[in-house]
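Notes for the one structure printed next.
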Amino acid sequence: MTRSLKTTLILLASSVISMSALAEFKQAPLPYATNALQPAIDQQTMEIHYGKHHKAYVDNLNAQIKTYPELDKTDLIQLQKQISKYNTAVRNNGGGHFNHTFFWESLAATNKTGQPSPALVKQITQDFGSLDAFKQKFNEAASGRFGSGWAWLIVTPNGKLAVTSTPNQDNPLMDLSETKGTPLLGLDVWEHAYYLKYQNRRADYIKAFWSVVNWNKVNERYNEAIKK
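Numbering follows the numbering used here, with no gaps: position 99 of the sequence shown is 123.
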């Protein structure tokens with residue numbers, strides 16, 4: 025074997041090892057069984073939504089590591105904050121992975137949802153007038169999002185609460201988002217999130233969502249957000 029061929033093989037092997045060593049984004053297990061959110065969200069929807077849609081976002085994001093090797097050293101939250109550096113595939117799939125991971129953690133079985141903390145209720149009352157007024161504003165953002173997207177409760181950079189919505193798989197952490205902030209609660213209003221059970225009745229899906237909101241997690245996020 026010639027020296028040049030040996031060198032080529034060594035370089036090729038090194039490249040393969042390097043690529044295989046790249047860290048990949050992982051899809052975390054659901055924090056509950058796929059039937060745990062019934063009747064608000066049915067088991068079949070959860071199985072397809074988590075097992076196919078969310079998985080596809082993770083797989084497609086990992087496919088972009090070949091184009092952007094630095095992604096293997098970027099955590100999912102940091103990726104959102106610098107998403108404008110990357111192509112549309114990273115934006116859509118990186119956003120989709122973050123949004124769905126965030127969404128699953130925002131939900132809980134009806135006997136494990138908890139209640140908004142006194143501190144959160146106080147801030148909600150200050151910024152929206154009442155808890156019911158906040159829910160109404162959130163519902164309007166979710167139902168008014170044309171096509172596919174998300175509704176969010178966020179802490180803005182000035183420490184106030186706000187309701188916003190984003191198209192497609194964008195989110196308020198993204199550096200190109202029109203309304204930026206730290207998300208506390210998010211609702212997926214893509215049709216794949218509800219169509220099997222609710223068909224075109226998005227309003228019914230939004231109403232049912234409140235019965236499975238994981239207020240314990242929302243409280244935790246709020247406490248973390250106001251420390252920043």
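Backbone N, C-alpha and C fix where the C-beta goes; we use that ideal spot for every residue, glycine too.
This structure is a prediction, so every number in the text was calculated from the model and none was measured.
Taking residue i as part of the alpha helix (DSSP H), name the residues at either end of that continuous run.
i, result
"Leu100", "Leu100 to Lys105"
"Trp234", "Here Trp234 belongs to no alpha helix (DSSP H), and DSSP marks it neither H nor E."
"Tyr222", "Tyr219 to Tyr222"
"Arg245", "Trp239 to Ala249"
"Thr149", "Pro142 to Phe152"
"Phe49", "Where Phe49 is concerned, there is no enclosing alpha helix (DSSP H), given that its DSSP letter is neither H nor E."
"Ser167", "Leu155 to Gly168"
Give the straight-line distance between the Cα atoms of residue i and residue j, rounded to the nearest whole angstrom.
i, j, result
"Asn247", "Met70", "29 Å"
"Asn238", "Lys136", "7 Å"
"Leu103", "Lys252", "19 Å"
"Leu100", "Phe152", "30 Å"
"Asn182", "Ile250", "10 Å"
"Pro53", "Ala80", "15 Å"
"Thr180", "Ile148", "13 Å"
"Lys76", "His124", "12 Å"
"Glu48", "Pro63", "34 Å"
"Thr31", "Trp214", "Because the pLDDT of Thr31 is 40, which lies under 50, any placement of that residue in the model is unreliable, and the question is left without a value."
"Gln67", "Asn240", "23 Å"
"Ser167", "Ala87", "33 Å"
"Val242", "Ala165", "18 Å"
"Tyr229", "Ile65", "8 Å"
"Gln150", "Ile178", "14 Å"
"Gly119", "His216", "16 Å"
"Lys184", "Leu61", "30 Å"
"Ala232", "Tyr219", "13 Å"
"Asn84", "Ala57", "25 Å"
"Ile72", "Tyr222", "15 Å"
"Arg169", "Asn59", "27 Å"
"Lys126", "Lys146", "Sequence inspection shows Phe at residue 126; the Lys mentioned does not correspond to that position. Cα-Cα distance, rounded: 24 Å."
Evaluate residue i with the Cβ neighbour count: other Cβ atoms within 10 Å of its Cβ, from every protein chain shown; 16 or more gives buried, anything less gives exposed.
i, result
"Gly205", "buried"
"Thr188", "buried"
"Ser201", "buried"
"Pro196", "buried"
"Trp234", "exposed"
"Arg225", "exposed"
"Gln106", "exposed"
"Arg245", "buried"
"Asp199", "exposed"
"Gly171", "exposed"
"Ala227", "exposed"
"Ala175", "buried"
Assuming residue i is part of the beta strand (DSSP E), what are its boundary residues?
i, result
"Gly210", "Thr206 to Asp212"
"Ala175", "Gly173 to Val179"
"Thr134", "Segment: none, Thr134 is in no beta strand (DSSP E) and carries neither H nor E."
"Val187", "Leu185 to Pro191"
Notebook entry, point to check: Are at least three pairs of beta-carbons, each pair with one atom in the segment 91-105 and one in the segment 148-161, less than 8 Å apart?
Noted result: No, the segment 91-105 does not touch the segment 148-161.
Notebook entry, point to check: Just checking, does the segment 84-92 make contact with the segment 142-157 on the three C-beta pairs under 8 Å criterion?
Noted result: Remark: fewer than three beta-carbon pairs, one from each stretch, lie closer than 8 Å, so the segment 84-92 and the segment 142-157 are not flagged as touching.
Notebook entry, point to check: Counting pairs of Cβ atoms below 8 Å between the segment 127-137 and the segment 206-214, do you hit three or more?
Noted result: Under the Cβ criterion (8 Å, minimum of three pairs), the segment 127-137 counts as touching the segment 206-214.
Next item on the list: Jot down the residue ranges of each uninterrupted alpha helix (DSSP H) in the segment 63-118, minimum 4 residues, whole runs only, in chain order.
Entry: Counting only runs of 4 or more, we get 67-72, 79-87 and 100-105.
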